[in-house]
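Student:
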Amino acid sequence: MLTVSGGSFAPAATSASISWLSDGAPIPGATQPTLTLGPDQLNHAITAVVTGHRAGYTDGVARSAATAAIGPENLTITQEPALAGSARVGNPVAVAPGVVGPDGTRTFYHWRRDGVQIKKATDARYVPTADDLGHKLSVRVRYAKPGYTSVVRTLAMAEPVQATARIRATSSSHRRVTVTVSSSAVGAVRGRVTVVNSLGQSKTRTLDHGQATFSADWLHAGKQTVTVTYLGSAKVAGRALTKTIRVK
Numbered sequence: 015m016l017t018v019s020g021g022s023f024a025p026a027a028t029s030a031s032i033s034w035l036s037d038g039a040p041i042p043g044a045t046q047p048t049l050t051l052g053p054d055q056l057n058h059a060i061t062a063v064v065t066g067h068r069a070g071y072t073d074g075v076a077r078s079a080a081t082a083a084i085g086p087e088n089l090t091i092t093q094e095p096a097l098a099g100s101a102r103v104g105n106p107v108a109v110a111p112g113v114v115g116p117d118g119t120r121t122f123y124h125w126r127r128d129g130v131q132i133k134k135a136t137d138a139r140y141v142p143t144a145d146d147l148g149h150k151l152s153v154r155v156r157y158a159k160p161g162y163t164s165v166v167r168t169l170a171m172a173e174p175v176q177a178t179a180r181i182r183a184t185s186s187s188h189r190r191v192t193v194t195v196s197s198s199a200v201g202a203v204r205g206r207v208t209v210v211n212s213l214g215q216s217k218t219r220t221l222d223h224g225q226a227t228f229s230a231d232w233l234h235a236g237k238q239t240v241t242v243t244y245l246g247s248a249k250v251a252g253r254a255l256t257k258t259i260r261v262k
């Protein structure tokens with residue numbers, strides 16, 4: 015915003031008119047003491063001209079020195095953007111855009127996988143796919159308005175994307191419990207599982223093609239509540255399941 019005084023004339027002017035110039039050309043409608051700068055004035059030098067009037071005298075003209083070329087103004091961020099959601103295949107993650115002024119500021123999103131832009135991922139919301147497994151997601155948020163300097167924020171998920179595990183525990187033979195861990199986003203799930211019986215006793219096995227079989231004295235016959243914990247892997251998140259099963 016620029017402001018010009020009324021100028022000084024001798025003898026004193028009884029009235030005055032004001033015009034603002036951009037690189038020497040009049041700015042349409044700019045006839046007030048204050049000029050609010052807009053995108054049209056960007057990179058142009060501004061001058062104010064005050065014309066004094068008095069009956070019986072030729073009009074006097076006072077011209078201000080030209081400004082330097084007008085640069086862009088700054089956007090104001092009163093609330094920073096934030097990222098919400100978990101890095102899981104099929105679970106949406108989204109950006110709360112924050113609060114940026116002035117009105118009319120636009121927000122642009124560019125989602126990235128390990129720093130490389132994901133094609134067509136330009137919404138505030140993104141749903142991770144199997145292609146994202148094991149990779150870190152981030153989003154570049156850019157605020158823009160003509161006549162203002164753009165502002166960029168980059169938000170990143172803390173952990174790489176993982177798939178969600180499904181756990182199933184069954185007993186199909188004498189004092190044996192088979193644990194199956196699967197995920198629609200990967201093939202055979204790898205890793206280790208732990209089973210804890212109702213007495214707090216535990217055993218840990220390594221999955222073989224997504225399965226592990228437990229057979230020990232602490233798995234007594236009959237109904238038993240067990241807690242099965244999949245310890246997770248690089249691509250599949252850990253998970254626990256408490257279930258009552260009938261051990262045969």
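In the working numbering, the protein residues as written are 15 to 262. Just so you know, even glycine gets a beta-carbon here, dropped at the ideal spot from N, CA and C.
1. Less than 7 Å between C-beta atoms, sequence neighbours within five positions excluded: which residues of the same chain meet that for residue 168?
2. Go ahead and pull the three-state DSSP assignment for residue 46.
3. Applying the criterion that 16 or more other CB atoms from any shown protein chain within 10 Å of the CB defines a buried residue, is residue 176 buried or exposed?
4. Can you find the residues in the same chain that come closer than 8 Å, C-beta to C-beta, to residue 251, ignoring five residues on each side of it along the sequence?
5. When DSSP labels each residue in this structure, what does residue 145 get in the three-state scheme?
6. Report yes or no: do three or more beta-carbon pairs, one from the region 128-140 and one from the region 85-93, lie closer than 8 Å?
7. Give every residue of the same chain whose Cβ lies closer than 7 Å to the Cβ of residue 73, excluding the five residues on either side of it in the sequence, and list them in chain order.
8. Answer yes or no: do residue 118 and residue 90 have a C-beta to C-beta separation smaller than 7 Å?
9. Starting from the Cα of residue 108, find the closest Cα among 137, 126, 81, 92 and give me that residue.
10. Out of 195, 159, 194, 239, which has the shortest C-alpha to C-alpha gap to residue 215?
11. Under 7 Å between the Cβ atoms of residue 141 and residue 106?
12. Starting from residue 264, trace the beta strand (DSSP E) in both directions and tell me its first and last residue.
Tutor: By the coordinates alone:
1. Sequence index remark: in the sequence shown, residue 168 carries index 154 (1-based). Closer than 7 Å at Cβ, skipping near neighbours: 152, 154.
2. Sequence index remark: in the sequence shown, residue 46 carries index 32 (1-based). Residue 46: coil per DSSP, three-state reduction.
3. Numbered from its first residue, the sequence shown carries residue 176 at position 162. Residue 176 is buried by the Cβ-count criterion.
4. The sequence position of residue 251 within the sequence shown is 237, counting from 1. For residue 251, where only same-chain residues beyond five positions count, the Cβ hits under 8 Å are 102, 176, 177, 178, 179.
5. In the sequence shown, residue 145 corresponds to position 131, counting from 1. It is helical.
6. no
7. By one-based count along the sequence shown, residue 73 stands at place 59. Cβ within range, chain order: 65, 66, 67.
8. Taking the first residue of the sequence shown as 1, we reach residue 118 at position 104. Taking the first residue of the sequence shown as 1, we reach residue 90 at position 76. No, the pair does not count as a contact, with Cβ atoms beyond the cut-off.
9. As a first step, residue 108 must be located in the sequence shown, where it is residue number 94. Residue 108 has its Cα closest to that of 137, out of 137, 126, 81, 92.
10. On the sequence shown, residue 215 is found 201 positions in, with the first residue counted as 1. Answer by Cα proximity: 239.
11. Residue mapping note: residue 141 aligns to position 127 of the sequence shown, counting from 1. Residue mapping note: residue 106 aligns to position 92 of the sequence shown, counting from 1. Yes.
12. Any answer about residue 264 is impossible in this case: the structure gives the chain only from 15 up to 262.
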